[in-house]
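Report on the structure given below.
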Amino acid sequence: MLSKICFRVLLCALHLFVRLFDGTLSWIRWTQSYFLSLLYHHHCSHDLIRRDTESLKKRPKHIAVIVDYSEEGGIEALVDSVCELSAWCLCSGIYELTVYEKNGYLKEHPTALQKAIESHLPYYFGELRINVNVSSPCSPEASAASTTESHSDQTSLNLRLIAREDGRDAIIDLARGLVDLSVKHVITSTQVNMELIDKELSESVIPEPDLLIVFSKKFRLQGFPPWHLRLCEIYYDESLRGVNYLTYFKALIHYSDAEMRLGH
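Residues -26 to -1, 1 to 238 in mature numbering (1 follows the signal peptide of the UniProt record, and there is no 0) are what the sequence shown spells out, letter by letter.
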């Protein structure tokens, strides 16, 4: 009887120690992230961000991000986040940005989003004119938003908006296309294999990004098209919440230090 009581007390003490240890580590991580976020605040400065990123060994050409919609912030919070991300990418010399919001709320307001970004960029770039091309695989309105006049000597940002439905639609469109080609005897059933399907899916929706940053509360890909993630570096920081510059910068450092070992 006494041994059972001692055993239970020992278990409770061990459980309490683990909880305290875990809580202390979380607090240390949060404190570290808080002070780093103060140290590495961009202050809407193109020069500060450029200085942060120009020393990196390599930078991604195409960044994709996963952002969350919240009832609290609504569509305005999403738009603000994309405006900031667009500015950070341009300051870092990155001109391809894909934003994934699973519900597709951003895709419903492409023109408003484009205007918001164009209004926001002067905070970082002053009077420098920057062309913003907004597009979406399955939205005619979003594609129309990308028809702004562009000049070869003008800095441009290509912004793609995708949602969970785009991955599903890509599979449906591919299936219909293969059936149609088979019926017309353009291809035979033996030619339809995993290699062909993989190739076609990889070229659909968006080009494969070099880096995916997950700005969600939990590390979930939320239906992001998996065939675009074969060679992509993925970054998630559990100590920080929402879209923030420190996570963005740490993701670039992670990509810069990553070893790309194709075929291994």
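C-beta: ideal position from N, C-alpha, C; glycine also. Since the structure is predicted, the reported quantities are computational estimates derived from the model, not experimental observations.
Status (buried if at least 16 other CB within 10 Å, exposed otherwise) for L226: For the purposes of this step, residue 226 is taken as residue 252 along the sequence shown, with counting starting at 1. When all chains shown are included, L226 counts as buried.
Ordered along the chain, which non-local residues of its own chain (more than five positions away) have a Cβ less than 7 Å from that of K76? As a first step, residue 76 is located in the sequence shown; it is residue number 102 there, counting from the start. Same-chain partners within the cutoff: A137, R138, Q196, G197.
Between which residues of its own chain and T27 is the CB-CB distance below 8 Å, once the five residues before and five after are set aside? Residue numbering aside, residue 27 sits at position 53 when the sequence shown is read from its first letter. So the qualifying residues of the chain are R33, C65, S66, G67, F223, L226.
Contiguous beta strand (DSSP E) assignments of at least 3 residues, all confined to the region 184 to 215: 185 to 188, 207 to 210
Would you please state the rounded distance, in angstroms, between the beta carbons of L87 and V56? I believe it to be under 8 Å. Residue numbering aside, residue 87 sits at position 113 when the sequence shown is read from its first letter. Residue numbering aside, residue 56 sits at position 82 when the sequence shown is read from its first letter. 6 Å between Cβ atoms; contact.
Quick one: what does DSSP say R150 is sitting in, helix, strand or coil? Translated into positions along the sequence shown, residue 150 becomes position 176. Correct three-state label for R150: helix.
Nearest residue (CA-CA) to Y79, options T164, V108, G48: The sequence position of residue 79 within the sequence shown is 105, counting from 1. Measuring from the Cα of Y79, the nearest candidate turns out to be G48.
CB of residue 248 within 8 Å of CB of N107, strictly: Nothing about residue 248 can be read from this structure; the chain reaches only from -26 to 238.
Limits of the unbroken beta strand (DSSP E) element including A137: Looking up residue 137 in the sequence shown gives position 163. That residue, A137, is in no beta strand (DSSP E); it is neither H nor E in DSSP.
Just to confirm the assignment, what range does the alpha helix (DSSP H) spanning V39 have? Residue 39 sits at position 65 when you count from the first residue of the sequence shown. Looking at the DSSP string, V39 is not in any alpha helix (DSSP H); the run it does join, the beta strand (DSSP E), is 36 to 40.
CA nearest to the CA of E82, picked from F99, S60, S110: Within the sequence shown, numbered from 1, the residue matching residue 82 stands at position 108. Per the Cα distances, S110.
If you draw a straight line from the C-alpha of Y219 to the C-alpha of W62, how long is it? Position 245 of the sequence shown, counted from the first residue, corresponds to residue 219. Position 88 of the sequence shown, counted from the first residue, corresponds to residue 62. Straight-line Cα distance between these residues: approximately 8 Å.
Would you decide whether Y97 is buried or exposed? Buried here means 16 or more other CB atoms lie within 10 Å of its CB. Position 123 of the sequence shown, counted from the first residue, corresponds to residue 97. Its Cβ having fewer than 16 others within 10 Å, Y97 is exposed.
For I104, name the three-state secondary structure that DSSP assigns. Taking the first residue of the sequence shown as 1, we reach residue 104 at position 130. Strand at I104.
Would you mind working out which of T72, A51, L(-17) sits nearest A90, comparing C-alpha positions? For this step, residue 90 is matched to residue 116 along the sequence shown. The shortest Cα separation from A90 among T72, A51, L(-17) belongs to A51.
Check E82 in the structure and name its three-state DSSP category. Translated into the one-based positions of the sequence shown, residue 82 becomes position 108. Three-state DSSP puts E82 in a helix.
With a threshold of 8 Å on Cβ separation, who are the neighbours of Y69 within its own chain once the five nearest residues in sequence on each side are excluded? As a working note, residue 69 is residue 95 in the sequence shown. Within the same chain, Y69 has close Cβ partners K35, C63, T129, S130, L131, N132.
For Y222, does the three-state DSSP call read helix, strand or coil? For the purposes of this step, residue 222 is identified with residue 248 of the sequence shown, where counting begins at 1. Note: Y222 maps to helix in three-state DSSP.
DSSP three-state call for Y69: helix, strand or coil? Within the sequence shown, numbered from 1, the residue matching residue 69 stands at position 95. Note: Y69 maps to coil in three-state DSSP.
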